[in-house]
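Undergrad: Here's a structure for you.
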Amino acid sequence: MQQTSIKFIREKKAVSILIGYVLLISFAVIMGSLVYGWMVSYIPKDLLDCPEGSAIFIKNVACDKDTLELTLAIENTGRFNLAGYFIHATDNMTQELATLDLSQKIVSGGVLLGSSVIFASENENSIKPGDTTTQTKFSLDKEIYSIELIPIRFQEQEGKMRLASCGDAKVKQAITCSIFSPLGISGLVSWWDFEGDADDKLGRNNGTLMGNSDCSVQGYNGSACYFDGDGDYIDLNDPFPELENFTIIAWVNISGNNTGADTRGIFTSGAGGSNKGYTAGIDNKSAVWMMISDTANDTLNTSEGIITQGIGYNIAVVGVSESYMKIYVDGVERASKSTSQNINSSSPSPRIGTINNPSTGLMNGTIDELMIFNRSLSTAEINTIINYFS
204 MQQTSIKFIR EKKAVSILIG YVLLISFAVI MGSLVYGWMV SYIPKDLLDC PEGSAIFIKN
264 VACDKDTLEL TLAIENTGRF NLAGYFIHAT DNMTQELATL DLSQKIVSGG VLLGSSVIFA
324 SENENSIKPG DTTTQTKFSL DKEIYSIELI PIRFQEQEGK MRLASCGDAK VKQAITCSIF
384 SPLGISGLVS WWDFEGDADD KLGRNNGTLM GNSDCSVQGY NGSACYFDGD GDYIDLNDPF
444 PELENFTIIA WVNISGNNTG ADTRGIFTSG AGGSNKGYTA GIDNKSAVWM MISDTANDTL
504 NTSEGIITQG IGYNIAVVGV SESYMKIYVD GVERASKSTS QNINSSSPSP RIGTINNPST
564 GLMNGTIDEL MIFNRSLSTA EINTIINYFS
């Protein structure tokens, strides 16, 4: 009887192991199919192979971090004429495989053909051995950290010209093309330094001075913009970029109350009412105030009297959708709370020096070095910016 039990246990264990192997093999087959399907979608379909001896070299590559524009030129270092290339990039520093198609971002210096860039008409291999292409410009909408180029050429097959991919001649080069970020702090969307005007240093959201707004007065760092609380504000590009998370940071010096007898606005993306967005300001009880809006308006403010007229302060407000809101004064966290509001939406009426309605909530005082980030900055990062301008 004991031998029968032992035999049964051994047989049951063997069956369990067999089932385990079957499940493992099944999992491997499924994963293999998924990877193959992904690779097929990444590698262009129905392409011929180029002849051996096709090669390119990335001769010039540069990034304008103010406009986030990538320019490059290639040299044909092979033995055959080429038509152009496929171009992909990585948007993460740890990413190995370049999957971001940049061909759709071409601005000048080449012709878009499907998901490739060519340098003459279709079916023409215009890049001869030894030739260098013109500078090709791409307008990026996100940061990249490397580019990968696969040369292509047109070849005749069965009386028809077809596109050939020179996969064996693929070249890759590391290049950090990221949004201009002072002090290495990433995520900067706009920066108004107010040196005589309301232009964005990144060239994205230049402002128009309204009323008697004056951006030539003495500020915390060089010039600043002065608003008298009566019809003065700055109108920005409409709409402002979508931001799910944000940080607004600026130096503010209030002179008095405004004609509307309510919050003196620092910045608004157009929040309030039925509009998603975010707003920051100083109320007439001298408390720093912020609001984020989705299905409702969620507000946060510091204690009253934290701001004194005639004294400059660094004010930073931080918002993370469906998570939290924070207010900093001179680099110290002064208020925080959780929020259920989601602000991921383009904003219809962005302005500086007021809240949502330009007839109310007008700033009376100066604003200098206003920055908007597309993420929540840490306490250390906020203080790094403060120390930079000190």
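With the sequence shown counted from 1, adding 203 to any position gets you this note's numbering.
Beta carbons: idealized from backbone N, C-alpha and C, even for Gly.
Could you name the residues that DSSP lists as bridge partners for Ser311?
TA: In the DSSP output, where bridge partners are listed per residue, Ser311 has Lys340.
Undergrad: Starting from Tyr591, follow the alpha helix (DSSP H) in both directions and report where the run begins and ends.
TA: Element bounds for Tyr591: Thr582 to Phe592.
Undergrad: Quick check on the DSSP output: the beta strand (DSSP E) that includes Tyr429 runs from which residue to which?
TA: Where Tyr429 is concerned, the enclosing beta strand (DSSP E) stretches over Ser426 to Asp431.
Undergrad: Measure from the alpha carbon of Ile290 to the alpha carbon of each residue in Ser368, Ser543, Ile585 and Asp304, then state which is nearest.
TA: Checking every option, the nearest Cα to that of Ile290 belongs to Asp304.
Undergrad: Can you tell me where the beta strand (DSSP E) with Pro354 in it begins and where it stops?
TA: Ile347 to Gln360 is the extent of the beta strand (DSSP E) around Pro354.
Undergrad: Taking DSSP as the reference, what is the three-state secondary structure of Ser562?
TA: Here Ser562 sits in coil by DSSP.
Undergrad: Enumerate in chain order the residues of its own chain whose CB-to-CB distance from Glu255 is below 8 Å, with the five nearest sequence positions on each side excluded.
TA: Excluding sequence neighbours, Glu255 sits near Asp371.
Undergrad: If contact is defined by three or more beta carbon pairs under 8 Å, each pair taking one atom from either stretch, is the region 378-397 in contact with the region 251-271?
TA: The region 251-271 vs the region 378-397: in contact.
Undergrad: For Phe449, I'd like the list of residues in its chain whose CB is within less than 7 Å of its CB, leaving aside the five on either flank, ordered along the chain.
TA: So the qualifying residues of the chain are Tyr481, Gly522, Ile575, Phe576 and Asn577.
Undergrad: Go ahead and label Ile588 buried or exposed: buried means 16 or more other beta carbons lie within 10 angstroms of its beta carbon, across all protein chains shown.
TA: Buried, by the Cβ-count rule.
Undergrad: Please work out which residues of its chain come closer than 7 Å, Cβ to Cβ, to Asn326, disregarding the five sequence neighbours upstream and downstream, and give them in chain order.
TA: Cβ within range, chain order: Phe357 and Met364.
Undergrad: Given this structure, state the Cα-to-Cα distance separating Phe443 from Ala258, to the nearest angstrom.
TA: Those two C-alpha atoms are separated by around 43 Å.
Undergrad: On the criterion of 16 or more Cβ atoms from any shown chain inside 10 Å, does Thr336 qualify as buried, or is it exposed?
TA: That one is buried.
Undergrad: From Cys418 to Ala323, what does the alpha carbon distance come to, in whole angstroms?
TA: Approximately 48 Å between the Cα atoms of the pair.
Undergrad: In whole angstroms, give me the CA-to-CA distance for Gly317 and Lys340.
TA: Each residue's Cα considered, the two are about 17 Å apart.
Undergrad: Thr293 lies in the beta strand (DSSP E); which residues open and close that run?
TA: Unbroken beta strand (DSSP E) run through Thr293: Gly287 to Thr293.
Undergrad: So, with DSSP's three-state summary, where would you put Ala372?
TA: In this structure, Ala372 counts as helix in the three-state DSSP scheme.
Undergrad: Is DSSP giving Leu386 helix, strand or coil here?
TA: If DSSP states are grouped into helix, strand and coil, Leu386 belongs with the helices.
Undergrad: Below 8 Å CB to CB, which residues in the same chain sit around Ala490 once its five sequence neighbours on both sides are set aside?
TA: So the list reads Asn504, Thr505, Ser506, Glu507, Gly508, Ile509 and Ile510, once near-sequence residues are dropped.
Undergrad: For a quick check, are the C-beta atoms of Thr542 and Ser458 less than 9 Å apart?
TA: It is not a contact, given that the beta carbons lie outside the stated cut-off.
Undergrad: Measuring alpha carbon to alpha carbon, tell me which of Leu300, Gln338 and Ile452 ends up nearest Leu580.
TA: When each option's Cα is compared against that of Leu580, the closest is Ile452.
Undergrad: Short check: CB of Ile437 to CB of Ser496, under 9 Å?
TA: Their beta carbons are not under 9 Å apart, which means Ile437 does not touch Ser496 by this criterion.
Undergrad: Expressed to the nearest angstrom, what Euclidean distance is found between the alpha-carbon atoms of Thr297 and Tyr288?
TA: Those two C-alpha atoms are separated by around 24 Å.
Undergrad: Can you tell me which of the three DSSP states Ser306 falls into?
TA: Looking at Ser306 - three-state DSSP - the assignment turns out to be helix.
Undergrad: Specify the secondary structure class of Ile510 as computed by DSSP and reduced to three states.
TA: Here Ile510 sits in coil by DSSP.
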